[in-house]
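Undergrad: Below are the structure tokens for one structure; questions will follow.
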Amino acid sequence: MHDLRMVREHIDALRAGMRRRGALDALSPTIDRAALLDKTRRDTIQAVEERKAARNGVTQQVGQRKRAGESAEDLQQRSRELGDEIARLDRELAQTESELGAILLELPNVTLDQVPVGGEESNAVVRTWGTPREGARAQPHWEIGTRLGLIDFERGAKISGSGFIVFRREGARLVRSLMNLMLDVHARDHGYEEIWVPVVVNRASMIGTGQLPKFEEDMYALKDEDAFLIPTAEVPLTNLYRDEILPESELPKALTAYSPCFRREAGAAGKDTRGLLRVHEFDKVELVRYVTPDTSGEQLELLTAHAERILQLLELPYRVVRLAAGDTGFASAHTYDLEVYAPGVGKWLEVSSCSNFTDFQARRANIRYKPADGGKPRFVHTLNGSGLAFPRIIASILEHHQQEDGSVRVPAALSTYLGAERLS
RNA sequence: GGACAGGUGGCCGAGUGGUUGAAGGCACCGGUCUCGAAAACCGGCAUACCGGUGAACCCGGUAUCGAGAGUUCGAAUCUCUCCCUGUCCGCCA
């Protein structure tokens, strides 16, 4: 969410930000509307507060007269009149603020300077690690997984629906091993506090991180409660300190959690749906950092490096892509995607998205810190990244580490958890 | 799920319709005292928004006693709804 001052004082910067996302044409009328509503709001506040001050004065005189045993009917009448005007103006104000608030919640974040202008085609590979193997004879993961009895797609579809996966035997154990490996590395080596979170959250949390109100149709909602299944542990982790003020000494604060993630993927039907590429429920270890505003740029580099470390341990070739403004998520100001190569499907798969949200989420969720020098509380900057999402990692492991004999080599970092060096 | 009891400033805790933004205490900050510290004493100490020149400081105003709605000239105080917490009972992994 943007500061109202952005609309009032830096509307050109706001427009420029929307233009870099390629969204100015669509949002320009909305921004104009916001500017108008801001003016209306301030005028109405002045009008209503003037009357409230008058009523407070009148009301006090009523009290004095009553104590003196005098009648105050004329003043009471005056106060009633003011009360009626106040009620009317308050209604207008509430309407204005409601519309203005809704607009502010639906405007995406402004991207940082180093983010390329344009859409997906302007995404830029900033570095690569490892060497993709030739895919000529590589089997796709759904064939390997089924052949080795690690994944049961049919029964997943039967008990839950398409896009729900059943892992079996060493496949199930692989999922558990990935969770342990990732949590151990982040908690032990990278200094994150390990958290275990609820996967059901309330509406306020979903608004805080930016999933709502704009993307409600992508979320699984509970039937009898105003609550949702989380699409990522980012939601509970970032909302952990909603409406709180942290001492600066606790920053940067780094949290990691495993969670299942639930996504309806409305409108994504038929796109990358084969095998494990796009599913409705998947597992992920998430990284979240709360930092001071002046450090969020370098903190994004650090967080991204933490996520990359897992790919290196899994010995999977990957590339780091800086997303262009038009491809950057709604709440993010700067995002790196980590893409791992899967020779079986012949594609780079997004397995992590590491973002700097600047103060966008902190404003929505009202997360502040008390500066060490004793100044007023300021909004923190929040960052998060997958570290990592399991299904495409599993796909890549199966495809990249498959052997001539049809088995799959297990990278050393993982085999200690899995208790096997080979899947066959 | 049922029955009670509660939700007041960073914390504790007064306050049941009229200078109560809110007594008192603790914590914190500044000062006096001291060689220094402690104690004692004095003073300060919420947030947001609107306006006064779009800075800082300052000044004026409004709002905020879990949230929302209502009664009233006037609500922390009365009424209703909701949320949360505690205790007991029931149920249950």
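Heads up, my numbering is the position in the first sequence plus 1372, with the first residue counted as 1.
Cβ atoms here follow ideal geometry from the backbone N, Cα and C, with glycine treated the same way.
Quantities reported herein were computed from a predicted structural model and do not represent experimental measurements.
#1: Under 8 Å between the Cβ atoms of E1471 and L1376?
#2: Does DSSP put F1536 in a helix, in a strand, or in coil?
#3: Which full runs of the beta strand (DSSP E) of 3+ residues lie inside the stretch 1486 to 1531, going along the chain?
#4: L1627 lies in the alpha helix (DSSP H); which residues open and close that run?
#5: Between the beta-carbon of F1539 and the beta-carbon of A1529, is there less than 8 Å?
#6: Among the candidates S1443, R1380 and L1594, whose CA atom is the shortest distance from the CA of R1414?
#7: Closest by CA to G1455, which one among A1419, L1484, P1488 and E1680?
#8: State the Cα-Cα distance for the pair T1730 and T1667, rounded to the nearest angstrom.
#9: Would you kindly work out how many angstroms separate the C-alpha atoms of R1661 and E1421, rounded to a whole number?
#10: Should the stretch 1710 to 1723 be called in touch with the stretch 1685 to 1697, which here means at least 3 C-beta pairs below 8 Å?
#11: By alpha-carbon positions, which one of L1721, L1755, G1580 and E1589 ends up nearest to E1670?
#12: Would you identify the three-state DSSP class for H1678, choosing helix, strand or coil?
#13: Does DSSP put F1751 in a helix, in a strand, or in coil?
#14: In or out: T1581 buried (at least 16 other Cβ within 10 Å) or exposed?
#15: Taking E1515 as the reference, which of V1723, L1648 and R1460 has the closest Cα?
#16: For A1761, which beta-bridge partners are listed by DSSP?
#17: Under a Cβ-count criterion, where at least 16 other Cβ atoms within 10 Å of its own Cβ denotes burial, should S1727 be classed as buried or exposed?
#18: Between the stretch 1585 to 1592 and the stretch 1611 to 1629, do three or more beta carbon pairs fall short of 8 Å?
#19: Under a three-way DSSP split, which group does P1608 fall into?
#20: Three-state secondary structure (DSSP) at Y1789?
#21: Contact defined as beta carbons within less than 8 Å: I believe L1760 pairs with V1657. What is the distance between those atoms, to the nearest angstrom?
#22: Would you kindly work out how many angstroms separate the C-alpha atoms of E1566 and E1464, rounded to a whole number?
#23: Nearest-angstrom Cα distance between S1631 and L1683?
#24: Which class does Q1583 belong to by DSSP, given the choice of helix, strand or coil?
#25: Could you spell out the range, first to last residue, of the alpha helix (DSSP H) harbouring T1428?
#26: Which residues does DSSP pair with I1567 in a beta bridge?
#27: Is it the case that the stretch 1771 to 1780 contacts the stretch 1695 to 1708, given that we only count it when at least three CB pairs across the two stretches are under 8 Å?
#28: Keeping to the same chain, check which residues put their C-beta closer than 8 Å to that of A1426; ignore five residues upstream and five downstream.
#29: Can you find the residues in the same chain that come closer than 7 Å, C-beta to C-beta, to M1373, ignoring five residues on each side of it along the sequence?
#30: I need the straight-line Cα distance from Q1433 to I1458, nearest angstrom please.
#31: Could you tell me which of A1440, L1447, A1576 and L1461 sits nearest to R1614, measuring between CA atoms?
#32: Distance, Cα to Cα, E1506 vs Q1775?
#33: By a C-beta neighbour count over all protein chains shown, 10 Å radius and 16 as the cutoff for buried, is S1549 buried or exposed?
#34: I need the boundaries of the alpha helix (DSSP H) containing V1379, first residue and last residue.
#35: Name the two residues that bound the continuous alpha helix (DSSP H) containing S1451.
#36: Can you tell me where the alpha helix (DSSP H) with F1732 in it begins and where it stops?
TA: Concretely, from the data shown:
#1: no
#2: coil
#3: 1496 to 1501
#4: Counting along the chain, L1627 falls outside any alpha helix (DSSP H), though it belongs to the beta strand (DSSP E) covering K1625 to F1634.
#5: no
#6: R1380
#7: A1419
#8: 10 Å
#9: 41 Å
#10: yes
#11: L1755
#12: helix
#13: strand
#14: buried
#15: L1648
#16: K1656
#17: buried
#18: no
#19: helix
#20: helix
#21: 7 Å
#22: 47 Å
#23: 19 Å
#24: coil
#25: According to the sequence shown, residue 1428 is Asn rather than Thr. Segment L1396 to R1439, the alpha helix (DSSP H) holding N1428.
#26: A1629
#27: no
#28: L1454
#29: L1476, L1477, F1732, R1735 and R1736
#30: 19 Å
#31: A1576
#32: 13 Å
#33: buried
#34: L1376 to E1381
#35: E1445 to E1478
#36: F1732 to A1737
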